[in-house]
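**Student:** Protein chains in written order, with the numbering used here: chain L, 501 to 822; chain Z, 123 to 444; chain D, 10 to 372. Pasting a structure here, questions to come.
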Amino acid sequence: MISFIIRRILIMIPMMIVISMICFFIIELQPGDYVSTLLENPRISGNMIIELRAQLGLDKPGVVRYWLWVKGIVTKGDFGYSFAHNRPVGDLIWERMGWTVALALTTIVFQWAIGIPLGIFSARHPYSFMDYLLTFLAFLGLSIPEFFLALILIFWMLSMGATSIGGLFSAQFVGAPWSFAKIIDLFQHIWLPIVVVGIGGFGGLMRVMRGNTLDTLGSPFVSALRARGLSEKTVRKHAIKNALNPMVSIAGMELPNVFSGTIIVAIVLGVPTMGPFFYEALLSHDDYLIMTFLMFIAFITQIGNLLADFILAFIDPRIRMS
Amino acid sequence: MIAVNHLQSYFKTEDGLVKAVDDISFELRPNEVLALVGESGCGKSVTALTVMGLLHRNKTVLKGEILFNDKSLLDLPPEAYRLIRGEKIGMIFQEPMSAFDPLYTVGYQMLEVLKAHTNLSIEKQKQRAVHWLKNVGIPEAEKRFNQYPHEMSGGMLQRVMIAMVLMLQPEVLIADEPTTALDVTIQAQVLGLIRNLQKNEGTSVLFITHDLGVVAEIADRVHVMYAGKIVEKGTVSQVFHHPLHPYTIGLLTSRVVKGKKGKELPFIRGYVPRAYEFPEGCRFHPRCPRKLPRCEHDNPPEISLETENCVACWLYEKGESA
Amino acid sequence: MKDSQTSARVRRAFFKHKLGMVGLVILAILYLTILFADVISPYNYLETHRNFEHVPPSRIRWKHEDEWKGPFVYGVKKVRDPETLAVSYEEDQTKIYPIYWFTQGETYKFLGLWETDFHLFGLGKEAKGFLFLFGADRFGRDVFSRILQGGRVSLTAGLIGTFISVVIGAIIGALSGYFGGWIDTLIQRFIEILRSFPRIPLWLTLALILPPGWPSTWVYLGIVVVLAFIGWMGVARVVRGMTLSLREKEFVIASRIVGQSNFKIITKHLLPNMMTYLVVVATLSIPGMILGESAISFLGLGIKEPMTSWGLLLKQAQSLSEIEAHPWLMLPGIFIMVSVLSFNFVGDALRDALDPYRTVEKV
């Protein structure tokens, strides 16, 4: 098992290198750079542009810039400079990473907390009215664009007379120190993005769990367990544990989707995570910010997959021993 | 010990009512090995599952009677049925690998069974389990006790399954093709094991197979099934030396036997009808070389002959003639 | 090798899926509607109407002062609140505009070919009032007409994108599965890396590659390519899996012994066997594409004016104040939802019919 862990970690290194190349290359393909957005400003002359470019190092060819960027990361932990915000990219991302990851994780927990029990329930009462209803709701959740659901919920809250919608805190709590009231306020705000993204995702989870559980309940080993005269409760315990097995890898693969959803919902709701930040950076061609963010998300996903693989090896002896 | 009277197990499917077992009656006597033989799809496995009460209640229609020591099984509430399973009637399956939960050690699963059926302490449970592992001829029993199913070969796992079932010392053992998935040499070992254990414990065995060679080796009496019905009953020596039903005769002559090299291999023309398209009258008549006109519309009843065997065939309407 | 019993069974399974049938009907209606979008909309979707910005949806009335008059709308008066200076609209019951069927209206080019002014219904050319079924937007453009027009983009981008991604994915997947070895490992690793990027940020970043100067039709094609860029990976994975299992089957080995070229084996033997599964995969991918296009356009990085899509239309409803003041701007979202839902139902029905053993999922 130790060798398994080490091997996986070692593979991540070349993967991250390729990821960094992809991130850089995609931005390179974009026409123009940060300085070109300034071109629209009539007060900035052509010469100033050239000077600015040289100053920011944007006049060097792509390969050189890539090399400098990677070198900076590996040697100094310097992820580049944000032109729009005039600060190192690393700091900016670091400040917002906490909320971004917290939101994503909470959303995953929410999806699982709803999806798995409902999936098991559906499998135990297949083709019942509740089963059809849940399936329909799952489809509905899958089909609503997350940003649209956010809009609808905003509309609903407005019509109910809510005042502070969006963001993480009401105006008065934004800079304030932590207090009990602030925590309550947080919950009053954070449920919105979690629910919006959660509803979109729980459907798929629920249906897969339902399918897995149905398959397991119909499989020969469940019949064999019953033949031994074990109680239904015990049989169920075995069935569910086996059905959950493949879900662990699925959770790992779902990670990028959750990030995707939280980003766009964060943009709509103005939640101060990386989402709106990334969006602004895109619009203003704040290249290093964009690249680093993409790279970071890909990295977190890799870590997530790694963790999922470890958990799987932990619970499934067949994998542990191969 | 087990008396089955006019048992019918029908499955409700989208294609209609599938009459997997259609009015069969037989007895399993104390301290004997009764073989139920037939090709795949004839209903022998369904018979076993029906006796064990493992069929899905909502998807099946059961008629007739199953008496276990003069107690009707089909009238039993689920909880009472569960207590009989394993404790009084045990079952071993064809695929040992799919009769165990891959996520738990075999030892854990054996203890689980003991916990459900006995009041022994954990140490005593472990003692009994290991004792039986040794009984079935597993070397290094304590080590194997802590292993996972996938760490063992098919043959060894089959022995574990036998140990797990017999350690509760049931009165009846139902063996559903336990050697079909094993190599021939292992097959011989497992058969020998079952035969010895049967003699030592006095268990009655209902042995289900499609392999006539196995029947000859292990059984005292044999019943031949075809298309959901029993077509011939008798002792092994009677049925093998003087087969009565044309199907039985066909089965016996179509075996690959020493000494017939170079001759064409006889076979029964036609194929086994699918369970929702059984022909009218005698189910075998489309393939029968000795068909009478009556066979096409009347299903022959069981006709008992003086020598204690029975056959369901119009050829014997007036006693043994052939 | 389909015998009549199999295709009958497939058809039976498909039509038995009630939701799938509902979805099919809805999609048929939607696609017919967008085909005749210009005819069905009462107005030209690009036409602005000054003095009618942000008009709420017109109420169709049948009785005026207890007198039956047939369907009509009242005129609308702009009212400015003296204190807040906010603009709102009030019904002007003095002006009555009956609704006619098969009437003349603003001109347009039917299917881009010939110019006409025939509309399915409307107020007629002379009417000074407006029939805004779904209200008007910031420029006084009829939202209903724009939604119908936007449907053309939203409902076709997904189809074309899926087609492209299926083609690319099938080729790459087949190559990967058939040749195995380092080609396979390379492609698989590459796919794994690409899949660790969350889709929407990746799409947004790719969408920015399209030069800002491009005309809107080119942008449309570019967006389609961007969508396909991520969609092919799912197809490739499925095709690879199936190729791997088919590769070892006897008929393939037989073809190799006979000396058929690899290309022929792949195209004549492997791919046709996967057709039904490819259809299932394709249909299941379409919802993702439609949602993707909406998201990209919603954030302003997708479809460009004068073209419009449902996502782009929703962009106008992005701020809290807009939602509060002009909620009808959110209506395009319902269309996205309904069409995606319908595709999901149809996809599910197709999957039950063509792939009951869930081969696609296992791969």
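Glycine included, C-beta positions come from ideal geometry on N, C-alpha and C.
Taking the beta strand (DSSP E) that Z:Gly212 falls in, what are its first and last residues?
**Tutor:** That run of the beta strand (DSSP E) goes 211-214.
**Student:** Check whether chain Z comes within 8 Å of L:Pro626, counting only Cβ atoms and requiring the distance to be less than that.
**Tutor:** no
**Student:** Would you grab the beta carbon distance between L:Gly775 and L:Thr792 for me? Rounded to a whole angstrom, and I think it's under 8 Å.
**Tutor:** So it is not a contact: roughly 15 Å between Cβ atoms.
**Student:** In three-state DSSP terms, what is D:Asn53?
**Tutor:** coil
**Student:** Could you say if the segment 162-178 of chain Z and the segment 208-218 of chain Z meet the contact criterion of at least three C-beta pairs nearer than 8 Å?
**Tutor:** yes
**Student:** For the ligand SAH, is there a heavy atom less than 7 Å away from the beta-carbon of L:Val758?
**Tutor:** Absent from the structure shown: the ligand SAH. Ligands present: none.
**Student:** Does the CB of L:Lys741 have a neighbour CB from chain Z at under 8 Å?
**Tutor:** yes
**Student:** Name the chain L residues that come within less than 8 Å of D:Phe354, Cβ to Cβ?
**Tutor:** Phe639
**Student:** Run through chain L and tell me which residues come within less than 9 Å of D:Gln113, C-beta to C-beta.
**Tutor:** Those do not exist, as D:Gln113 stays about 35 Å from chain L at its closest Cβ, beyond 9 Å.
**Student:** How about D:Asp357 and D:Tyr286: do their beta carbons lie closer than 8 Å?
**Tutor:** no
**Student:** Could you give the C-beta distance for D:Ala362 and L:Pro645, rounded to a whole number, given that I count them as a contact under 8 Å?
**Tutor:** Not a contact, Cβ separation roughly 28 Å.
**Student:** When you compare the CB of L:Pro693 with every CB in chain D, is at least one pair closer than 8 Å?
**Tutor:** no
**Student:** Could you pull the start and end residues of the alpha helix (DSSP H) that L:Arg728 belongs to?
**Tutor:** First-last for L:Arg728: undefined, no H or E at that position.
**Student:** Comparing C-alpha positions only, which one of D:Gly189, D:Ser50, D:Ile202, D:Phe24 sits nearest to D:Asn271?
**Tutor:** Of the listed residues, the one whose Cα sits closest to D:Asn271 is D:Gly189.
**Student:** DSSP beta-bridge partners for L:Pro588?
**Tutor:** Its beta-bridge partners are L:Tyr581.
**Student:** Listing by chain order, which chain Z residues have their CB less than 7 Å from the CB of L:Phe721?
**Tutor:** Ser220, Ala221, Phe222, Asp223
**Student:** Going along the chain, which residues of its own chain have a beta-carbon closer than 6 Å to the beta-carbon of Z:His345, five neighbours each way excluded?
**Tutor:** Phe148, Leu158, Ile352, Lys355
**Student:** Taking C-alpha atoms, which residue in Z:His367, Z:Ala251, Z:Leu189, Z:Glu136 lies nearest to Z:His464?
**Tutor:** Beyond the ends of chain Z as shown, which are 123 and 444, falls residue 464 of chain Z; an answer cannot be given.
**Student:** Taking the CB atoms as reference points, tell me whether L:Ala638 and L:Met706 lie closer together than 8 Å.
**Tutor:** yes
**Student:** Check the Cβ of L:Pro756 against every Cβ in chain D and list those closer than 8 Å, keeping chain order.
**Tutor:** Arg204, Ser205, Phe206, Pro207, Arg208
**Student:** Give the straight-line distance between the Cα atoms of Z:Ile340 and D:Arg20, rounded to the nearest whole angstrom.
**Tutor:** 49 Å
**Student:** Alpha carbon to alpha carbon, how far is D:Asn282 from D:Arg18?
**Tutor:** 18 Å
**Student:** From D:Val48, D:His335, D:Gln325, D:Gly320, pick the residue whose C-alpha is nearest to that of D:Val349; which is it?
**Tutor:** D:Gly320
**Student:** On the CB-based measure, 16 or more other CB atoms within 10 Å of its CB, does L:Leu510 come out buried or exposed?
**Tutor:** With fewer than 16 other Cβ atoms within 10 Å, it is exposed.
**Student:** Name the DSSP bridge partner or partners of Z:Thr357?
**Tutor:** Z:Arg343
**Student:** Whose Cβ in chain Z lies nearer than 9 Å to the Cβ of L:Ile815?
**Tutor:** Leu225
**Student:** State yes or no: is the beta carbon of L:Gln688 nearer than 8 Å to at least one beta carbon in chain D?
**Tutor:** no
**Student:** Quick one, are the C-beta atoms of L:Phe778 and L:Ile764 less than 8 Å apart?
**Tutor:** no
**Student:** Round the Cβ separation of D:Pro80 and D:Ile108 to the nearest angstrom and send it over; I've been treating them as touching at under 8 Å.
**Tutor:** 4 Å
**Student:** Within 8 Å (strictly less), CB to CB, does Z:Val235 reach chain L?
**Tutor:** yes
**Student:** In this structure, does DSSP put D:Thr152 in helix, strand or coil?
**Tutor:** A small correction: the amino acid at residue 152 of chain D is Val; Thr does not occupy that position in the sequence shown. The answer is helix: DSSP assigns D:Val152 an H, G or I state.
**Student:** Quick one: Cα of D:Leu279 to Cα of D:Ile262, how far?
**Tutor:** 12 Å
**Student:** Can you check DSSP and say which residues form a bridge with L:Leu782?
**Tutor:** For L:Leu782, which the question treats as bridged, DSSP gives no partner whatsoever.
**Student:** If contacts are defined as beta-carbon pairs under 8 Å, then Z:Ser167 and L:Ser719 qualify, I think. What distance do you get, rounded to the angstrom?
**Tutor:** Actually they do not touch by this definition, with Cβ atoms about 16 Å apart.
**Student:** Which whole-angstrom value describes the C-beta separation of Z:Gly276 and Z:Pro218, a residue pair presumed to lie in contact below a C-beta threshold of 8 Å?
**Tutor:** 6 Å
**Student:** Give the range of the beta strand (DSSP E) segment to which Z:Gly186 is assigned.
**Tutor:** 182-190
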